[in-house]
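Residue numbers (this note's numbering): 29 to 139. Glycine is no exception: its CB is placed at the ideal position from the N, C-alpha and C atoms. Okay, structure first, notes after.
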Amino acid sequence: MSPGQSINSYLLMMNLKFQKVNLLGIDLSKEQWVQFTLNSLPSEYNGFFVSYMINKFYSSDIDKLDAELRAYERTLPLARRASSSIAEKGKGKLKKLRMIPTIMLLLRVQF
29 MSPGQSINSY LLMMNLKFQK VNLLGIDLSK EQWVQFTLNS LPSEYNGFFV SYMINKFYSS
89 DIDKLDAELR AYERTLPLAR RASSSIAEKG KGKLKKLRMI PTIMLLLRVQ F
């Protein structure tokens with residue numbers, strides 16, 4: 029997720045990637061896709077991630093995850109979202125480079 033990107037645009041982008049992967053014939057379960065989406069969230073969503081896993085909300089229901097993430101985004105203070113965006117700008121390239129092997133391993137495709 030890019031700094032300053034809304035959860036709406038992020039989830040739309042993830043959904044499009046999921047559809048592309050399916051079109052390539054890679055059979056990725058919904059559980060794997062939910063986990064991939066959760067793992068790629070930025071640090072300001074750590075509270076959501078912990079709560080989601082502790083309360084056993086984890087399921088293959090992508091629509092439920094979508095609704096929960098949108099609700100959580102509304103609870104984030106605007107100042108916190110802005111400051112985390114500024115803090116991550118310097119680390120963005122390194123963060124993306126660390127995610128590339130994970131994405132390639134999970135999806136087994138090269139973008």
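Consult DSSP for M81 and reduce its assignment to one of helix, strand or coil. M81: helix per DSSP, three-state reduction.
Is Y100 closer than 9 Å to Q54 when the C-beta atoms are compared? Checking the sequence, you will find Ile at residue 54 rather than Gln. No, the Cβ-Cβ distance between I54 and Y100 is not below 9 Å.
Between M22 and the rest of its own chain, which residues show a CB-CB distance below 7 Å, the 5 nearest in sequence each way excluded? The structure shown does not extend to residue 22, since the chain is modelled only from 29 to 139, so the question has no answer here.
Helix, strand or coil at S37 according to DSSP, with G and I counted as helix: The answer is helix: DSSP assigns S37 an H, G or I state.
Report buried or exposed for E59, applying the criterion of at least 16 other Cβ atoms within 10 angstroms of its Cβ. Taking all protein chains shown into account, E59 has fewer than 16 neighbouring C-beta atoms within 10 Å of its C-beta and is therefore exposed.
Pairwise C-alpha distance: W61 and K92: A straight-line Cα-Cα distance of about 13 Å links K92 and W61.
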